[in-house]
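Residue numbers (this note's numbering): 1 to 338.
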């Protein structure tokens, strides 16, 4: 099957910013030191080569933020459940994309350091999803642009090995956006959590903002959940199939969870298999689960499963959840220049 046109499009603006920072280490250090969204915008405005990146960034209009605020409310209400679903469902869901999985294996961080990757993902999601994240003194934009430049670094280095398409392309990024938004909602519902239409729409609105600032071209971001479902279905039909890279990534994540004590008697791999379902379990070589939804979430909640899961696997305890949103994601040196 011919590649979708989105698979030949990367993020040229972020690539140019990556090159600028690579050639100007002092500017890069200044970038790492920014603490708020306003500080980031001010820094980018200082350097003409970074103006194209600056022009793609968006902070929401306070006068039109009711739905977005509802998205933040929903995120904070189910913070630990959402982070659990991201680690047990959304991340391995992404591994089923055979072509995109190649880049993840080349980066080695996902394969060789699953615990660190889980923690980094959680901190990014908290920084971008918590209340106030997208205000001028928040850190949502800072965290998102840091990840965007990591993607540019991955594109730069992976392009030495991957020649049939642009690594970390628009299609892969859209698929990841669907995994972290639409698929997360599916995961919550699979656990038995009742998610209303307005709550789901608000959560998706939050992720649309994140995706836009992550560098996904606006015309590719589905307008609503109905369109998002169709976009995800299209990507799954085109890209999801068994691959050595996808199985390696899933095995690394599975091995990490299996090396840890079961959280209050329920092991994470069993819950992962339940969330993924039989078809994705077969693609990723994950054991199928015999769990059934009936009374699953009340049971997990009564056991504090997700709070304990965060402490054990992701490093986000209830006590520091709010603190993480206030501090934001720490400067990530994983795209240090070779």
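Positions of the beta carbon are idealized from the N, C-alpha and C atoms, including for glycine.
Through-space distance from residue j to residue i, alpha-carbon basis
| i | j | result |
| --- | --- | --- |
| residue 31 | residue 233 | 37 angstroms |
| residue 287 | residue 202 | 34 angstroms |
| residue 141 | residue 280 | 33 angstroms |
| residue 67 | residue 223 | 14 angstroms |
| residue 244 | residue 173 | 21 angstroms |
| residue 258 | residue 250 | 12 angstroms |
| residue 177 | residue 28 | 27 angstroms |
| residue 127 | residue 133 | 6 angstroms |
| residue 284 | residue 291 | 18 angstroms |
| residue 81 | residue 182 | 15 angstroms |
| residue 122 | residue 83 | 6 angstroms |
| residue 44 | residue 53 | 8 angstroms |
| residue 160 | residue 97 | 20 angstroms |
| residue 129 | residue 61 | 16 angstroms |
| residue 317 | residue 119 | Here the model assigns residue 317 a pLDDT of 46, short of 50, so the residue's position is not dependable, and the following value carries that caveat. About 11 angstroms. |
| residue 252 | residue 19 | 32 angstroms |
| residue 40 | residue 238 | 37 angstroms |
| residue 6 | residue 100 | 12 angstroms |
| residue 261 | residue 117 | 19 angstroms |
| residue 64 | residue 135 | 13 angstroms |
| residue 131 | residue 158 | 35 angstroms |
| residue 33 | residue 282 | 44 angstroms |
| residue 228 | residue 246 | 23 angstroms |
Per-residue burial, residue i [other beta carbons within 10 Å of its own, 16 or more giving buried]
| i | result |
| --- | --- |
| residue 107 | buried |
| residue 208 | buried |
| residue 11 | buried |
| residue 171 | buried |
| residue 15 | buried |
| residue 264 | For residue 264, the pLDDT reaches just 48, beneath the cut-off of 50, and the residue's location in the model is therefore unreliable, leaving the point undetermined. |
| residue 242 | exposed |
| residue 254 | buried |
| residue 148 | buried |
| residue 51 | exposed |
| residue 151 | buried |
Residue i - containing alpha helix (DSSP H), residue span
| i | result |
| --- | --- |
| residue 225 | 225-239 |
| residue 344 | No statement about residue 344 is possible, as the shown extent of the chain runs from 1 to 338 and does not include it. |
| residue 271 | 268-284 |
| residue 208 | 197-213 |
| residue 117 | 114-129 |
| residue 30 | 25-33 |
| residue 51 | 51-55 |
| residue 245 | 244-258 |
Presumed contact (8 angstroms Cβ cut-off) between residue i and residue j, rounded CB distance
| i | j | result |
| --- | --- | --- |
| residue 154 | residue 103 | 6 angstroms |
| residue 139 | residue 36 | 6 angstroms |
| residue 38 | residue 164 | Wrong, their Cβ atoms sit about 41 angstroms apart, outside the cutoff. |
| residue 199 | residue 74 | 5 angstroms |
Check: Quick one: any contact between the segment 267-276 and the segment 82-101, if contact means 3 or more CB pairs under 8 angstroms?
Finding: yes
Next item on the list: Please confirm if the segment 213-230 is in contact with the segment 70-81, defined as three or more CB-CB distances below 8 angstroms between the two stretches.
Entry: no
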